[in-house]
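The structure under discussion appears below in the form of structure tokens.
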Amino acid sequence: MFLVFTACRKEEPEPTPTDPGTPLPESPVVFDIGAVPYPVLSTYNFFDGALADMIPVQGVLPFEPLNPLFTDYAHKKRFVWMPVGAKAQYAGDGNPLDFDDGSVLIKNFYYEHVMPADEQRIIETRLLFRRNGQWEFADYVWNADQTEATLDMNGATIPIDWVDDNNVLRHAEYRIPTESECFTCHKNYDLIVPIGPKPMNLRNSFMFADGPMDQLAKWQAVGYLEANVPPNIVTPVRWDDETQDLQERVRAYVDINCAHCHSEGKHCDYRPIRYAFSETSDPINLGVCVEPTEDLGSLYTYIVTSGNVERSSMHYRMSSDEEQIRMPLLGRSVAHDEAVQLVEDWINSLSPPCN
Amino acid sequence: MKNTGLLSIALLAATIATAQNSCSTAISVGVGSYVVSAVDGPEIPDPICAQNGLGNTSASEWYAFTATGINTITVSTDLPGSQGVDTRINVYSGSCGSLTCVGGDDDSGDGNTSIASWNSVTGVTYLIAFDNRWSSLGFHFSIVGSDPVNALINFTPQTVSVSGSSLAVVDMDGDGLDDLVAVTSTNINIHHQLATGGFSSTNITTTTADHSASWSLAAGDLDDNGFRDLMYGSGSGVTFMIANEDGTIFHEVSPPEYIFTQRTNFIDINNDGILDAFACHDVEPNCYFMNDGNGDLTFIQGGIGDTPDGGNYGSLWVDYDNDGDADCFISKCRGAQQPSGINQLLQNNNGVFTDVAPLVGLADNTQTWSSAWGDFDNDGDMDVLVGASSFQNGGHQLMRNDGFTTFTNVTVGSGYDTFTGVGHEHVTYDFNNDGWLDIMGAGNVIMINNGNMTFTQSPVPAGIGAMGDLNNDGFWDIVNEGTIYMNTGNNNNYLKVRTIGTVSNRDGIGARVEVITAQGNQIRDVRAGEGFRYMSSIGAHFGLGLTDAITEVIVRWPSGIVDHIMTPTINGTLTVVEGAHPVGIDEAEAAELNLFPNPVQDILQVTASTDLSNAIINVLDASGKQVLNATLINGRFDVSKLTSGAYTVTITKDKTIMVRRFTK
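Protein chains in written order, with the working numbering: chain A, 72 to 426; chain U, -10 to 653.
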């Protein structure tokens, strides 16, 4: 189902200068590694025209993980930018790419049909940039006029009402993270790491300004990724692809939404579950018939009780809005209804009963 | 003929199935084994005695058992014939329509079978209802009677209608009786305990708290008005709900600072006599709020547990080194084997906190969200059970305080080496009032202290929750949301000590209370905020076993003042007002002690009817800090170096302590 690349990228013709994704030396992005993070977002010159239109300039390449993280139904526009000569390296299908200094990952969080004015509202733009071999955070909070965003690492809780794709009015207490909240999720031992840009999340077609293209191929085409990426990247299914196997969809969902805590070296690796895609072919790592080590009451016999949603702590935590119960711990104030339904269907499909 | 026979059996089965379909038609059963073909009787048991609430319960099967003696009766579906069917049991006394729970269970047996036990009274008929909360399939059950279990610990569930999360059992209105507090972000529901028994429930609407009590709640009197205030700990910060002068209105104070709050406590951090507030931070250094006594709470981050990425889950204030000030133990938890997961013991040296855990053997990386501190061996210092929330880095650790310099790991053979339950909450109280502190943690189990630093698992119907004495019988009760598990008690004696500070904070939080009896001594620290999430009764609660007299109760206040109460009445509450009980001098004699001149310039003269030569003089300023330490010579001491202000002086001669106030 995925494109297989056998040709060496180096042998391909150089992208034409008209390719909007090409990191030409004249990329207008302003990024002085000794001076960042800048006080305001506009200084970087990541976007062309009105800032709020989020139209990338030359060299700012859009991307979208095959399976995205859920953040209170916020829409996201993600971009990557690298300075001249920088190039990411492959580090494993399920590991984030290994980026060079000066690389910037840009993630805009916004809602459409925000009430009462039924308008788009960009809430924040999060940057991860690499300096001296380490990632650093910079979060820009947008003003009410949507003309500028200001560096602010102190966090805030923003009540937001919007009309969703099903024409339902929804409410969330959207959380802009503090720096320490960023780190809680973007962590590998004591280092800051990106989560989304890993090969298994980029081996798919994305609609670029100049047409659809496999994302890894695009990154290579514009010079943002080394050539020797293995041709066969093991990827999950799309979690929301209803034609796929329920358990494979669950594996895809928990990889991007849960594995940044529930993997070795992460914030909550002392719990028994292991949610990285590479580890969930074993249902035990998904918690199937595994007793929870957190005492949530005798209702929850197992993390996943085969065939019994009501006795499964995973379902309880994913459907709860209470912050001491809900999972993921950070990044959501409302339940992801579609994902809860998926987990419900999956648990109901499991047999035999745990014992 | 064969067909007829089958029909007869079928008819009989149908008859039985119908007969047991409701409380009023419960089938009488005795000790023995029985078969239930299906749970299909249309009556919904009320109340539900077992865990896990009403849920999808729509049917039940009823049996009546009349006790022929005083026994422990056990109803169990954990039989091979049940094939692991997910059963649930409710057991009642009383009559249909007005049933009272005496027992109940969900899931204690193998698979999802259930086992419920209770102690019977001769001649009483108990009603047993199996419900279909989980399954309507048939099962087998047995009824067995045994000699009464001398567990000294038993609880009777009692339902209450609460609004919100039942997070606290604490005396909110200063009447000396614990109340039950449930909160939502807009409401405080207080079940005030009545002197005559039972409760009067009030709901106090509040402004919508910026930060709800999702992670923890603490209670304490921040403004010394006699009505306790609340502190809500959420993932984004803390909110204080301050009670007005009669406790009928709560005023919200929500500091803007971000705190990923875990355990919250009230404690007088700088020992100025005014209660401060502390909040564990999950992902940053800990935070606290210094109270100036005028309603201003100053946010401070740093100085009390400064691991950059936090890992702080359970703060507990304890005087581990018996030096009269409260130290702070932080139970820590963190993945990836990071330093933020190593527990800290922050020794208080005049308000400067230094981590001494590495020196005393407590710098352990057990994944813990709370630890239980108490004098488990009654040798006069505080020991600790470091309670595991995960066995990833090792299990529960029972650490014995050996002279403040070393905590010795005595887990092996203690009962905690074989206890497999893990959880967030670990607290210690003397649940059976036998004079030895027990420990409750995960699961429906209380670890009963055997008196020799070993513990025996005792199953109880309640899980951990807020605790206090909700029927004023001297025994610890446990609240699980809408159910109070009333401790049925026993014949052991007890004493509850209620501390009212004058120079120290009004709650007396941080005071050390000592009970001296001919059989031995016990100590408690007065605390606000133990375990992980809940707020349990403030005070010092002592079980006395069969000891029927207390020689002396000593209260050592954070101010340095010491009260001595000789031979207090036991089996009740002793209220101690700071400074009211100087020892060895009767009130008439004390009245004859005078200071002059007052106000004073340089030299204070002391006159008394008793010989005070060479008495020790300790002068405390208005904030409770010691500012002068001297010896009384010729009935005089020099205060010329003190600045103008109000002072308290304690005059100690042999074992006699007298407290007076003067102004300069």
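Ideal placement from N, C-alpha and C gives every residue a C-beta, glycine not left out. Since we're looking at a predicted model, the values are computed, not measured.
At least 9 Å separates the CB of Tyr309 of chain U from every CB of chain A. If you draw a 10 Å sphere on the C-beta of Ile104 of chain A, you find fewer than 16 other C-beta atoms in it, and that means exposed. The contact set of Cys339 of chain A on chain U, defined by CB atoms closer than 7 Å, consists of Gly324 in chain order. For Lys289 of chain A, the uninterrupted alpha helix (DSSP H) segment begins and ends at Gln286 to Ala292. Taking a cut-off of 8 Å on C-beta distances, the segment 61 to 68 of chain U does not touch the segment 163 to 170 of chain U, as fewer than three cross pairs fall below it.
Rounded to whole angstroms, the gap between the alpha carbons of Gln40 of chain U and Asn225 of chain A is 42 Å. At a Cβ-Cβ threshold of 9 Å, Cys38 of chain U and Asn79 of chain U count as neighbours. Contact of Asp261 of chain A with chain U by beta-carbon distance below 7 Å involves Gln327. The shortest CA-to-CA distance from Ser152 of chain U to any of U:Ile142, U:Ser47, U:Pro146 and U:Val172 is the one to U:Val172. As computed with DSSP, His146 of chain A is found in a beta bridge with A:Tyr181. Under a criterion of Cβ atoms nearer than 8 Å, the residues of chain U adjacent to Asp366 of chain A are, in order, Gly410, Val411, Gly412, His413, Glu414, Ala431, Gly432, Gly452 and Ile453. Listed along chain A, no residue sits closer than 9 Å to Gln290 of chain U by beta-carbon distance, the nearest being about 11 Å off. Note that the segment 267 to 281 of chain U touches the segment 243 to 251 of chain U; at least 3 beta-carbon pairs, one per stretch, sit closer than 8 Å. Within the DSSP secondary-structure output, Gln129 of chain A pairs in no beta bridge. Leu617 of chain U sits away from Ile605 of chain U, with the two beta carbons spaced by 9 Å or more. Taking the C-beta atoms as reference points, Val380 of chain A is found no nearer than 9 Å to Leu357 of chain A.
When rounded, the separation of the alpha-carbon atoms in Thr632 of chain U and Val638 of chain U is 15 Å. Asn328 of chain A: not part of any beta strand (DSSP E); member of the alpha helix (DSSP H) spanning Leu317 to Cys329, first to last residue. In the three-state reduction of the DSSP assignment, His386 of chain A falls in the helix class. Relative to Phe255 of chain U, the option among U:Gly222, U:Thr237, U:Ile238 and U:Thr394 whose CA is nearest is U:Gly222. Comparing alpha-carbon positions, the option among U:Lys485, U:Val242 and U:Gly215 lying closest to Asp235 of chain U turns out to be U:Gly215. Per the DSSP secondary-structure output, Trp123 of chain U pairs with nothing in a beta bridge. For the segment 192 to 224 of chain U, the set of positions with a beta-carbon nearer than 7 Å to some beta-carbon of chain A reads Ser203, Trp204, Ser223 and Gly224 in chain order. Val608 of chain U is bridged by DSSP to U:Leu617 and U:Val638.
A distance of 9 Å or more separates the beta carbons of Ser205 of chain U and Gly440 of chain U. According to the DSSP assignment, Ala232 of chain U belongs to the beta strand (DSSP E) that extends over Val227 to Ala232. Residues are counted here when their Cβ sits less than 9 Å from a Cβ of chain A; for the segment 259 to 283 of chain U these are His270, Asp271, Val272 and Glu273, given in chain order. DSSP places Phe348 of chain A in the helix class (H, G or I) of the three-state scheme. Under the DSSP assignment, Pro354 of chain A falls outside any beta strand (DSSP E); it carries neither an H nor an E label.
Judged by beta-carbon spacing, Val28 of chain U lies within the 9 Å limit of Asn121 of chain U, meaning their Cβ atoms are closer than that value.
For Pro283 of chain A, the three-state secondary structure derived from DSSP is strand.
The alpha-carbon separation between Gly340 of chain U and Gly534 of chain U amounts to approximately 38 Å.
The C-beta of Glu393 of chain A has fewer than 16 other C-beta atoms within 10 Å across all chains shown, which makes the residue exposed. When 7 Å is used as the limit between beta carbons, Arg192 of chain A is near no residue of chain U, the shortest such separation being about 21 Å. Asp261 of chain U and Ser526 of chain U have their C-alpha atoms roughly 24 Å apart. Look at Pro307 of chain A: its C-beta is not under 9 Å from any C-beta on chain U.
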